[in-house]
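J.: Numbering (mature numbering (1 follows the signal peptide of the UniProt record, and there is no 0)), first residue to last: -25 to -1, 1 to 128.
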Amino acid sequence: MKTTSRSLKAALMLGALALAGAAQAQDFKQLLKQHTGQAAPAGGEAAGGLGALGGLSLPAIGGNTAGNAAGVLQYCVQRKYLSADAVTGVKDKLLSKYGLGGAQKPEQSPDYQRGLMGVLKGEGGQSFNLDAVSGKLKDKACDYVLNNATKLI
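Structure follows, in structure tokens:
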């Protein structure tokens, strides 16, 4: 009788833990949606054309978001997620190619300013706030932006 009672208690405790874990995962998805404006993709998959980042999706970077990407690169350098040596050449070429390096200063661009604040703007109007994720994910997000910015030049 005692063995059955212990087994039943153990099963009930495991069930309660499983429910708590599922509730916590749901809370994380809601929190992520509040901070980034978009839900986490199901199963950790990225939506078409978006970069996967530990189960999160990053917006696709293209020519019309180049100024924003340059701002995000500067954000990453200032917070030491990327080295200035790795970013400077790419950022300067990116700004020059897309018309933000000459008479129009990048600081005058609203997209560049958003990038400096850690908000990555994608081609489809989606955005991702790097301040909403932890250090390791920021590191990966900065690498994602650098790799994709390099492809644009």
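A virtual CB, placed ideally from N, CA and C, is assigned to each residue, including glycine.
No experiment lies behind these values; they were computed from the predicted model shown.
Give the straight-line distance between the Cα atoms of GLY93 and ASN123, rounded to the nearest whole angstrom.
T.: Between GLY93 and ASN123, the C-alpha separation is close to 16 Å.
J.: If you draw a straight line from the alpha carbon of LYS111 to that of GLY74, how long is it in whole angstroms?
T.: Approximately 32 Å, taken between the alpha carbons.
J.: How big is the Cα-Cα spacing for TYR43 and TYR119?
T.: For the sequence presented, residue 43 should be read as Asn rather than Tyr. Each residue's alpha carbon lies about 14 Å from the other.
J.: Just to confirm my understanding: we take TYR56, look at its own chain, exclude 5 residues before and 5 after, and list those with CB closer than 7 Å. What are they?
T.: Correct list, in chain order: LYS113, ASP114, CYS117.
J.: Just checking my contact of ALA45 with LEU70 at CB under 8 Å: how many whole Å lie between their CB atoms?
T.: Yes, they are in contact, since the Cβ atoms of ALA45 and LEU70 sit about 5 Å apart, within 8 Å.
J.: Checking 9 Å against the spacing of the C-beta atoms, do ALA41 and LEU127 come in under that value?
T.: Cβ atoms of ALA41 and LEU127: closer than 9 Å.
J.: Applying the 10 Å Cβ sphere with the 16-neighbour rule, what's the burial state of LYS66?
T.: Classification for LYS66: buried.
J.: Going by DSSP, what residue range makes up the beta strand (DSSP E) through SER109?
T.: Element bounds for SER109: n/a, residue is neither H nor E.
J.: The beta strand (DSSP E) that contains LEU91, what's its start and end?
T.: First-last for LEU91: 85 to 91, but that is the alpha helix (DSSP H), not the beta strand (DSSP E).
J.: Measure the alpha-carbon distance for GLY37 versus ARG54 and round it to whole angstroms.
T.: C-alpha separation (whole angstroms): 24 Å.
J.: Along the beta strand (DSSP E) that carries LYS96, what are the first and last residues, could you check?
T.: First-last of the beta strand (DSSP E) with LYS96: 94 to 96.
J.: What residue from ARG89, SER109, GLY100, GLN101 has the CA that sits closest to VAL47's CA?
T.: Minimum Cα distance to VAL47 is reached at ARG89.
J.: Measuring CB to CB, does TYR50 end up less than 9 Å from LEU121?
T.: Taking 9 Å as the Cβ cut-off, TYR50 and LEU121 do not qualify as a contacting pair.
J.: Since GLY99 contacts ALA35 with CB under 8 Å, what's their CB separation in whole angstroms?
T.: Confirmed, about 7 Å.
J.: Tell me where the alpha helix (DSSP H) around LYS66 begins and ends.
T.: Start and end: 59 to 72.
J.: Roughly how many angstroms lie between the CA atoms of GLY97 and VAL52, to the nearest whole one?
T.: The alpha-carbon atoms of GLY97 and VAL52 are separated by roughly 20 Å.
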